[in-house]
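Quick mapping for you: the protein sequence lines, in order, are chains A and B. Heads up, the first sequence is in this note's numbering, so the first residue is 1 and it goes up one at a time. Heads up, the second sequence is in this note's numbering, so the first residue is 1001 and it goes up one at a time.
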Amino acid sequence: MNRKLRNSGRRAFLKGVGGATLGLPLLEYTHEKVWAAGETYGKRLVNVVSHGGETMCMNKDGGRGGAPRPSYDPQMPKVDHWLPKPGWTFGEAHEVFQGTDLESKLMVVRGIDNGGARQGRYNGDHGLSNCTTMTATRTANAGTDNERPLGPSLDWVAAQRLQKRFGGPSTPLNLIVPGHYYGTVFFWGANGEQRTEGEHNPRTAFNALFQNVTSGEPDPAVIRRKALKSSMLNGLMDGYRRFSTRLGKADQQIVDAHLNHLTELEREIGGLEVTAQCVVPSTPASFDWYTDQHDKLAPLHAELIVAALRCGLVHVANLEIADFITSFTPSGNLMREDVGHSLDHEVNVILEQGKVDVWERQMKENRAWRMGLVKQIADGLNDPNFMEGDRTMLDNSLVFYSNEFSTGGIHSSTDGPYMFLGNAGGYFKTGRFVELHSKRKTNPDSMEGGSTATTNDLFISILNALGEPDTTFGDMALSMRKGAITELRG
Amino acid sequence: MGKHLGFAWFALTLASGCTGLIGTGDGDGAGGPNGVGPNGQQIPLECSLEIPQAGAERILRLTPEQYANSVRVLLNDENLDPSIDADRESIATLNAVRKWYDAADAVIPTGTAWMSTYASCDVSGDENCAAEFYAAFATRAFRRPLLDDEKAWLDEAWAALPADAPLVERLQTMAELVLQAPEFLYIYFGEGAPVEDSPHGLLSLTGYERAQRLSFFLWNSLPDQSLLDAAANGDLDTPEGVRTQAERMLMDDRVKPVLRSFLAEWLELNGAAILPSLGQSPKDSELFPAMNDSLRAAMRTEIEAFMEYVMFEKDGSMEALFTDTRAYVNGPLAELYGVSNGPTGANEWKWVDLDPSERAGMLTRAGFLTVHAGQTATSPIRRGVYMLRNVLCYDIPPPPANVDNSPVEATDLDEGGVLTVRKQTEIRTSPGSCAGCHNEINGLGFAFEHYDAIGAWQDEEAVTGGDIDASANLSHAGAEFDGPVDGAVKLSEKLAMSPAVAQCATEKWFQVAVRRSPVPLDDCAVASVRDTVSSSGSIRELLLAIITSDAFLNVNHGPTDTEEAASP
């Protein structure tokens, strides 16, 4: 329940083209499906994106590993922790949810390709995959440090949309567990022009998030502080307008972009609505980027995400997890000093040395630790002490997990790892493993390629689940379905 | 870096068989007489006309280092470590703006004690003292006296703050406003006078603009009082005056982080497109049990210390950079280099001389060789590509999409023979479509075969026991230097004297100095700097030549090459 109902759901106003204010009737007209169907949708989105791939054995062409391949695509162990294990709906990668309250709220989807990463350069490398993982589009400046997508990432689009419906912040909370990676997967702005790296230090994130937030009744000092900030931002915007007049046209574009961001910031701060159930967490520890304490840092990020969502400080939160060895997991660092690519760049050596079992154990623990962070977030949102009517917050949310790669060792972006917790107000049917792979549907042991959807289609489904009637996302030339994946609804 | 086609270089490219793009032109007078093309575009003038020219540039925002150093100076707190968006693009993202907003809140100290630096009156209890404080604070932050409209803007912002808020909170808010003002966050040159006879609308930088260009280049920070005084006195109105200040600044410790950062970037110690950084470059723990985070850090420390040694003790000698054998090592690094009687523990550091038959200059140091190597073995391809692109500024096209990119490794053959990394590299790159570029790439990369994947010397490969063959072929270094060369020591000796390397170093430093790549309008400036470094052999002189060049002392607000290319 909002303390200050400046914008409340159906009463929200939408700024239309040209700045005209559209009232509810027109909104219902333009969003017919959303407002007329009587269905409920998700209110928030959490994106957990891991780097380096999962314990899966995909070839670059989309088939599963195990068959002889060209020299650059070595024979791989026939291991796939994301397919159902005997006697259970889900795979070994999801064992942290087995027997918990979350098992019925879990949905794993297979048979989806990142079409953007398959467009070239040995079917995807780090730069290309990072730029396309959440954007499902093509890229500019291919192969360079400045490679970027030609459209925004899912999180940014979702945040912009949810802000229009619910007010408050229009950008996601963006946190990263640092380590080895080749750049973020998050690109903001209408054209994806803003490469947006996450905050690694939970202390810094906490200070930014909760500087004007108090638990319980509002603190007069915080209200006064907010007024000062608001006045300062208005003064700053005047300053940028004045400064801009001294510049040439090209320089003005740079300064005007800054001014636009200040405007957005001022609007967010002015319109911030802290929920009544907000509880400000204790101040977290501070960490350097080059920390070797991922096991200490990462749970603090998860805690911040849950707290920020409970307080209504964001509608969308990102947790990006870089690649690193999890030497703190039960078996420690069993193998070589690799940075964590899921099947290791030198998987042929693993095979030759007969170390598949050791590798598998290490990878399983590494990825289970990451999945534990997802569980921490989902548990926080599923807490019965923070209900939204008769539903938990998780029931009105989507916690979406994905990875830059399926098989990291060969940079494969086909048949990727995609997973949900929460059903977006009942939009998705969870408690299921959804097989979209054409060959595995009839033969679970199939080694052939056979994805039937791309992330374009998946992201359309996610936006639909959040109440947005989108029919396209990213570059639809990369799409296989040309629309939402209906199987996700059951 | 080096993306436009000079005419002379273009002819060379066509003849090379590896269709790459080559660095900036040689500035020998390929320009036209009027400086304006048929469609109004800016084209270079002949250097002999001696009319100042400079490539177009846009307003720049402070880098994260410049921001951090500046707030440390402004708030007199060396320990401040603000969290700032790492992106360096001209256009700030929302994330960057949000981080500046948060950082301003985080770094401003509580209370008013720190404000006394900026006011002669009692800030804590005198409402009338506020204007003196925020005007003085803004003057220091903006690197010059305030303009009238800036004073009026600050007064209006102050008056608009909620009057019922305590004085100290309003003062702190004004400090936050200054730290987010465009005059602080952006570097803009536009107050100077037009340059006489310039067909490109060049403006001469004012003394204060030159002061901040100097200080942000050499110190990554605000101008100090001496520099501001020099600007106020008109001492920076001449190249000689600028040089005097630059010489002083180059002797100051504040230049050291910039030097360290330059070499780290040049050697790609921080990683590149798909190249892991020194700290993250994976190595096989069975083959290299000594490799750990501590050794990686030691490798970086050594290279950074080497750069300072070259600049401060060898007078910035290019020859020393490529050939000197002095090294600052701790115990593990001494062991890697095979230094006898060196330090023993990880915390014991000492300057030593490395074996001159094995080591010569920066390209034979462990940090560089570790980054440019595989997980288990050397990488002639990575090392060769690096040399062409970054030491000779000879760019090469990316590999084809279907290339076999798996690491080349040495292997034993069942029949008892061996395939060394060199042999396997030759086999893999021998097909006709590969050979054009790889003749040049491998030719350079093979020179480093004596250094294993963590930079230790090897006479035979660890995996195969095969003998090392480091015979190589230098290309694109200049006619008198190109040709066969055996090993990286001999290679480095040639590179130290090569005019192509001097040109490349000039372009690299130029880019750091003015934060843009050189374009044809900079040809005369770049050629002049290159000639200086070729004749003097000194990086110090190179820096001074850049600082006193037309490209540094003036500003061109015309369309950039990118903007011209994008216009219809």
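All C-beta atoms in this analysis are idealised placements derived from N, C-alpha and C, irrespective of residue type, glycine included. None of these values were measured; they are calculated from a predicted model.
Euclidean distance between Cα positions of residue i and residue j
{"i": "L1203 of chain B", "j": "Q1053 of chain B", "result": "10 angstroms"}
{"i": "T392 of chain A", "j": "L421 of chain A", "result": "12 angstroms"}
{"i": "S461 of chain A", "j": "V1501 of chain B", "result": "55 angstroms"}
{"i": "E1240 of chain B", "j": "D1293 of chain B", "result": "46 angstroms"}
{"i": "I377 of chain A", "j": "R44 of chain A", "result": "13 angstroms"}
{"i": "R1540 of chain B", "j": "R1213 of chain B", "result": "17 angstroms"}
{"i": "V1526 of chain B", "j": "V1512 of chain B", "result": "13 angstroms"}
{"i": "D395 of chain A", "j": "N174 of chain A", "result": "22 angstroms"}
{"i": "A1373 of chain B", "j": "R1383 of chain B", "result": "7 angstroms"}
{"i": "T184 of chain A", "j": "V399 of chain A", "result": "19 angstroms"}
{"i": "N1069 of chain B", "j": "M371 of chain A", "result": "39 angstroms"}
{"i": "N975 of chain B", "j": "E92 of chain A", "result": "The requested residue 975 of chain B is not part of the displayed model; chain B covers only 1001 to 1568."}
{"i": "Y1188 of chain B", "j": "R1422 of chain B", "result": "51 angstroms"}
{"i": "A1462 of chain B", "j": "R1260 of chain B", "result": "33 angstroms"}
{"i": "P1194 of chain B", "j": "T1206 of chain B", "result": "11 angstroms"}
{"i": "P1145 of chain B", "j": "P1199 of chain B", "result": "31 angstroms"}
{"i": "A1320 of chain B", "j": "P178 of chain A", "result": "37 angstroms"}
{"i": "R1389 of chain B", "j": "P84 of chain A", "result": "48 angstroms"}
{"i": "P1356 of chain B", "j": "R1326 of chain B", "result": "10 angstroms"}
{"i": "V306 of chain A", "j": "D1353 of chain B", "result": "56 angstroms"}
{"i": "A1332 of chain B", "j": "R1365 of chain B", "result": "Note that residue 1332 of chain B corresponds to Pro in the displayed sequence, not to Ala. C-alpha separation (whole angstroms): 14 angstroms."}
{"i": "M107 of chain A", "j": "N1079 of chain B", "result": "48 angstroms"}
Contact under 8 angstroms by Cβ, residue i with residue j
{"i": "G66 of chain A", "j": "K78 of chain A", "result": "yes"}
{"i": "W1100 of chain B", "j": "L1185 of chain B", "result": "yes"}
{"i": "T1370 of chain B", "j": "E1493 of chain B", "result": "no"}
{"i": "N114 of chain A", "j": "G151 of chain A", "result": "no"}
{"i": "G408 of chain A", "j": "G52 of chain A", "result": "yes"}
{"i": "V316 of chain A", "j": "D155 of chain A", "result": "yes"}
{"i": "A424 of chain A", "j": "L463 of chain A", "result": "no"}
{"i": "I1059 of chain B", "j": "D256 of chain A", "result": "no"}
{"i": "S170 of chain A", "j": "E303 of chain A", "result": "no"}
{"i": "I1084 of chain B", "j": "P1064 of chain B", "result": "yes"}
{"i": "D1105 of chain B", "j": "E1176 of chain B", "result": "yes"}
{"i": "Y427 of chain A", "j": "R489 of chain A", "result": "yes"}
{"i": "H287 of chain A", "j": "H411 of chain A", "result": "Checking the sequence, you will find Phe at residue 287 of chain A rather than His. Not closer than 8 angstroms, so no."}
Minimum C-alpha distance to residue i - residue among the options
{"i": "G1558 of chain B", "options": "B:A1157, B:A1135, B:N1473 and B:G1201", "result": "B:G1201"}
{"i": "S1534 of chain B", "options": "B:Y1328, B:M1497 and B:P1194", "result": "B:M1497"}
{"i": "L313 of chain A", "options": "A:A298, A:D219 and A:G270", "result": "A:G270"}
{"i": "A943 of chain B", "options": "B:V1418, B:L1336 and B:Y1386", "result": "The structure shown does not extend to residue 943 of chain B, since chain B is modelled only from 1001 through 1568, so no value can be given for it."}
{"i": "G116 of chain A", "options": "A:F186, A:A484, A:D475 and A:R242", "result": "A:D475"}
{"i": "K355 of chain A", "options": "A:M76, A:G87, A:T196 and A:D470", "result": "A:M76"}
{"i": "W369 of chain A", "options": "A:S50, A:D390, A:G42 and A:Y41", "result": "A:S50"}
{"i": "G449 of chain A", "options": "A:P172, A:Q293 and A:M58", "result": "A:M58"}
{"i": "G1445 of chain B", "options": "B:S1379, B:C1504, B:K1508 and B:K1490", "result": "B:S1379"}
{"i": "K482 of chain A", "options": "A:A136, A:P84, A:V46 and A:E103", "result": "A:A136"}
{"i": "N318 of chain A", "options": "A:S413, A:T326, A:N141 and A:A308", "result": "A:A308"}
Near the ligand COA: residue i beta-carbon under 7 angstroms from a heavy atom
{"i": "G270 of chain A", "result": "What this structure holds is no ligand at all, so the ligand COA is not there to describe."}
- For the stretch 1152-1165 of chain B, enumerate the residues whose C-beta is nearer than 8 angstroms to any C-beta of chain A, in chain order. W1153, E1156, A1157, A1160, L1161, P1162, D1164 and A1165
- Do the stretch 1135-1149 of chain B and the stretch 213-220 of chain A make contact, defined as three or more Cβ pairs closer than 8 angstroms? no
- Message: Measuring CB atoms only, is the stretch 157-167 of chain A touching the stretch 1039-1059 of chain B, in the sense that at least three cross pairs come out at less than 8 angstroms?
- Response: no
- Query: What residues in the stretch 1173-1187 of chain B bring their beta carbon closer than 9 angstroms to a beta carbon of chain A?
  - Reply: T1173, M1174, E1176, L1177, Q1180, A1181, P1182, E1183, L1185 and Y1186
- Can you give me, in chain order, the residues of the stretch 1511-1538 of chain B that have a beta carbon less than 8 angstroms from any beta carbon in chain A? none
- Item | contact_flag[the stretch 1441-1456 of chain B, the stretch 1353-1372 of chain B] where n(CB pairs < 8 angstroms) is 3 or more | yes
- Message: To be precise: take each residue of the stretch 241-255 of chain A, compare its Cβ to all Cβ atoms of chain B, and keep it if any distance is under 7 angstroms. Which residues remain?
- Response: The residues in question are R242, F243, R246, L247, G248, A250, D251, I254 and V255.
- Task: Inspect the CB distances between the stretch 91-105 of chain A and the stretch 436-443 of chain A and report whether three or more fall short of 8 angstroms.
- Result: no
- Message: With three or more C-beta pairs closer than 8 angstroms as the rule, is the stretch 1159-1171 of chain B touching the stretch 221-236 of chain A?
- Response: Counting C-beta pairs closer than 8 angstroms gives three or more between the stretch 221-236 of chain A and the stretch 1159-1171 of chain B, which meets the contact rule.
- Mind listing which residues of the stretch 195-217 of chain A have their C-beta closer than 8 angstroms to chain B's C-betas, in chain order? Listed by position, the residues of the stretch 195-217 of chain A near chain B (Cβ gap below 8 angstroms) are R195, T196, E197, E199, N201, T204, N207, A208 and Q211.
- Message: Output needed in chain order: residues of the stretch 144-168 of chain A with a Cβ under 7 angstroms from some Cβ in chain B.
- Response: T144 and D145
- Task: Note down, in chain order, all residues in the stretch 1291-1322 of chain B with a beta-carbon under 9 angstroms from any beta-carbon belonging to chain A.
- Result: M1291, N1292 and D1293
- Message: Which residues of the stretch 1434-1460 of chain B have a Cβ closer than 7 angstroms to any Cβ of chain A? Give them in chain order.
- Response: none
- Query: Got a sec: which bits of the stretch 1085-1096 of chain B sit with their beta carbon under 9 angstroms from any beta carbon on chain A, in order along the chain?
  - Reply: D1085, A1086, D1087, E1089, S1090, I1091, A1092, T1093, L1094, N1095 and A1096
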